[in-house]
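Contents: one structure, followed by commentary.
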Amino acid sequence: MDKVYNHKEIEEKIYKEWEEKRYFKPEINPNGKPYTIILPPPNANGALHFGHAMFTVEDILIRYHRMKGDAALWLPGTDHAGIETQFVFERKLKLEGKSRLDYDQETFYKMIWGYVEEHRGGIQNQLRKLGFSLDWSREKYTLDPAVIKLVYKTFKRMFDEGIAYRDYRLVNYCTRDGTSFSDLEVKQVEQKDPLYYLKYGPFVLATVRPETKFGDTAVAVNPNDKRYQKWIGREIEVEGLLGKFKLKVIADDVIDPNFGTGVAKVTPSIDMKDFEIGKRHNLPLKLIVGFDGKLTDIAGPYAGLYVKEARKKVVQDLQKKGLIEKIDDNYIHTIATCYKCGMTLEPLPKEQWFVKVKPLAQRAIEVVKKGEIKITPRNFENTYFQWLENLRDWNISRQIVWGIRIPAWRNKKTGEWVVTEGDIPSGNEWEQDTDTFDTWFSSGQWPYITLLTTKPGDFEKFYPTSVMETGYDILKAWVSRMMMMGIYATGKVPFRDIVLHGLVNDPYGKKMSKSKGNVVNPLELVEQYGADAVRFALMYGNATGNDQSLSYPKLDAARKFTNKLWNIGRFINMKRIYDLRFTIYDSRDELLKHAIHEKDREMVKRVEKLAKEITKDIDNYNFNFAAEKLYDFIWHMFADKYIEDVKTRIDENSCLVLTTLYLILLKLLHPFMPFVTEEIYKRLGGQESIMISKWPK
RNA sequence: GGCCGAUUGGCUCAGUUGGUUAGAGCGCUUCAUUCACAUUGAAGAGGUCGGAGGUUCGAAUCCUCCAUCGGCCACCA
């Protein structure tokens, strides 16, 4: 053995061997009880980032359960990531001076497909470099035909049962990206805008959007507001930029008498609340902002102007006509913006597909409240409940082409809609919806769809899965969707436990992002420190679910630890008095026969106690406890104290105990540091592979 | 406005459902060492656990209030 552990020579070789020997497949323990984790599918087009390195948690669980004899399945897959991917591709097109509008839907889809295919596979190899024991033979992709088929099937069932429906209502629309978003994808941003107090017939009312007044169809007050009682139900005449016009005064509870003057203009085509008011009072809907982000024809001379310019001009003209009473320049409010491009989103009326979430959310809440599913760390349960309880119906249509096209057809003559499981309805009067599903609609079905499309019997055997482990940042977007859809589609919960890990920030505690330029590629660290060290550093000293900052000193400490492990092995190798080909460590009695010296017996007990603690810590998802204990024990107890002592009195028996105990420690450490433990294990005469050896009791 | 975190030695963080002198890594001080360890070992300095109350025999740990920072959520124009 060399003096220094060199991960570069070892990691790749070992991973290859594991894969060749099919150790990653659950069939390695054919009679074990199933233990399943579905890997949160990374973007097929993406590269590894630190969120992925945190999947170390899943590898620890899988390796641990595999060693315990379970039929452990860790199922990999990739996601087509609709909007994300299409936007990346469009940005690339833009550099070439082209846009998506230059192509028809089918061509554009094929182009993105080709682009993704070029990059697919990259992420898989990166996950390999981290030592992840994924069953690659079961890998899935969200655009596999069999997967799409099942997504269709769920949608059809939802449609038949009235859970999925089509409706005309306001959706969050980005006029730059040309698509609608679900409420979840909206980024609320606080900003300061002038609040204009407009003279409005007999009233003065406050608004931040005077340019939309051409779309007003009523004026509203609170029914209990004494100031305006006499006006309710009457029609008022308003002097406007386009001349005089008439509006009805209505009373509605949502109007806050304390805001502004207590009078609000109602513009149902541009405001969620106004839209609801409009529905309650049967108000007409006048489209004032178009899907191109410009004012429509009803704005007269302002038609064709983008919202921002229009506001400027309208305000100028209103001022000229003396129609603005005052302007509050310190008004702070939150506006909805596009999480992709930052553009202010317009709520616009559009016919879309929605999923009725109330009944689904109800059950998703129940199973957690009843304790059928446990969320770790516990405090995320609050967030989960709060979100599911306030959920509005889910807009699942996206006006993008990269995704699973919605299998719904409209009758050109009658306007009737039919939904199929992908078949084209007979007759030529049908045209398919051009929209695609929200990516989360398909990934929300991931646990059962993957298992139903891998190998026959997989679903029956491995579903419900054991643990869903992922970053807390997608608890709502993804985990809760899987809960709702999993329960709906299979009648069973999709997983037994939810475990959430924190984010990895840059060394200064700032979130890593491309725009900030502070992104660290985990693979570079793997190259430099070794996968074992990177994995260990991420687990050590960080409580489950807490964010952490990338720490180079910690990485260095972890790397030194691998070297320490190596040198303990090296020492034992050098002192080995006779060839140790034994499996004796599976038998406590045998081991104790050789543990003659008092200190040897004591150490056997200490290691046994440690094994129990590590087992408990992993079972409880306290990976930091386990990592810290192993580090501390191996270094400061086993090496500093025990080995120093054995050194002075080494004989056959003590050497055997020393070696045996070390192999046990390596096993306990193996889920955390798979490569170095495997290499040492083999060098010290361990049979076959540490990853399929028995977990110490 | 609501919810959830965080606040522990110079830095980065643990602290396992309240219990003897509060831990680790890095850094720092002193000594030893090429005898498994591009090093490592031994010893040590350094914290009134954000603030103020309270519960308790006992609190970094539970309760209340406050302060600072961060995150998530919310259709008051």
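For the first sequence, counting from 1, position 124 maps to 124 in my numbering; every step adds exactly one.
Backbone N, C-alpha and C fix where the C-beta goes; we use that ideal spot for every residue, glycine too.
Residue i classed as buried or exposed, judged by whether at least 16 other C-beta atoms fall within 10 angstroms
i, result
"MET574", "exposed"
"ALA595", "buried"
"THR677", "buried"
"HIS333", "exposed"
"HIS636", "exposed"
"PHE259", "exposed"
"GLU679", "buried"
"ASP619", "exposed"
"LEU452", "buried"
"PRO522", "buried"
"TYR168", "exposed"
"THR376", "buried"
"ASP329", "exposed"
"GLN188", "exposed"
"PRO696", "buried"
"GLY240", "buried"
"VAL534", "buried"
Reference residue i, options the options, closest by Cα
i, options, result
"GLU90", "LEU75, PHE108, PRO76, TYR621", "PHE108"
"ASP133", "ILE28, MET111, THR154, GLU235", "Just to set this straight, residue 133 is Ser in the shown sequence, not Asp. It is ILE28."
"VAL368", "ILE498, PHE536, LEU525", "ILE498"
"PRO284", "PRO377, LYS320, ALA218, GLY131", "ALA218"
"ARG100", "TRP402, CYS174, LYS294", "TRP402"
"THR267", "GLY260, LYS682, ASN546, ASN282", "ASN282"
"THR85", "ASP438, ASN622, GLY685", "ASP438"
"PHE623", "TRP353, PHE155, GLU389, LEU500", "LEU500"
"PHE536", "PHE561, GLN528, ASN518, VAL520", "PHE561"
"TYR196", "PRO210, LYS187, VAL504", "PRO210"
"ALA477", "THR660, PHE625, ALA533, VAL186", "VAL186"
"ARG227", "GLU309, GLY262, ASN546, TYR5", "GLY262"
"ASN411", "ILE396, GLU431, ARG405", "GLU431"
"VAL289", "ASP274, ARG280, TYR306", "TYR306"
"LYS599", "CYS655, GLU590, TYR552", "CYS655"
Three-state secondary structure assigned by DSSP to residue i
i, result
"TRP566", "helix"
"HIS80", "coil"
"PHE245", "strand"
"LEU130", "coil"
"ALA533", "helix"
"THR267", "coil"
"THR436", "strand"
"SER426", "coil"
"PRO359", "helix"
"PRO739", "Look at the range of the chain in this structure, 1 to 697, and you will see that residue 739 is not part of it."
"TRP402", "coil"
"ARG606", "helix"
"MET637", "helix"
"ASP651", "coil"
"ILE311", "The identity of residue 311 in the sequence shown is Arg, whereas the question assumes Ile. Three-state result, ARG311: helix."
"LYS13", "helix"
"ASP589", "helix"
"GLN124", "helix"
"ASP193", "strand"
"MET468", "strand"
"THR179", "strand"
"TRP695", "coil"
"LYS599", "helix"
"THR414", "coil"
Cβ-Cβ separation, residue j to residue i (assumed contact under 8 angstroms), whole Å
i, j, result
"THR175", "ASP297", "No, THR175 and ASP297 are not in contact; Cβ-Cβ is about 17 angstroms, not under 8 angstroms."
"PRO407", "GLY427", "Going by Cβ atoms, the distance from PRO407 to GLY427 rounds to 16 angstroms, so no, they are not a contact pair."
"GLU667", "ILE690", "Glu is not the amino acid found at residue 667; the sequence shown has Lys there. Correct: roughly 6 angstroms between the Cβ atoms."
"LEU348", "LEU170", "6 angstroms"
"TYR472", "GLY545", "6 angstroms"
"ASP393", "VAL418", "Rounded, the Cβ-Cβ distance is 21 angstroms, inconsistent with contact."
"GLY121", "ALA531", "Not really, about 19 angstroms apart at Cβ, beyond 8 angstroms."
- request: Assess, as a yes-or-no matter, whether the segment 207-217 is touched by the segment 302-316 under the definition of 3 or more beta carbon pairs within less than 8 angstroms.
  value: yes
- request: Evaluate contact between the segment 68-75 and the segment 104-120, counting only Cβ atoms and requiring at least three cross-stretch pairs below 8 angstroms.
  value: no
At least three beta-carbon pairs within less than 8 angstroms, the segment 451-465 to the segment 28-43: yes
task: Check whether the segment 335-346 touches the segment 178-195, counting contact only when three or more Cβ pairs, one atom from each stretch, lie closer than 8 angstroms.
output: yes
- prompt: So does the segment 44-51 actually touch the segment 502-517, counting three or more Cβ pairs closer than 8 angstroms?
  reply: yes
- prompt: Are the segment 14-32 and the segment 144-153 touching, with three or more C-beta to C-beta distances below 8 angstroms?
  reply: no
query: Does the segment 2-22 come close enough to the segment 565-573 that 3 or more CB-CB pairs lie under 8 angstroms?
result: yes
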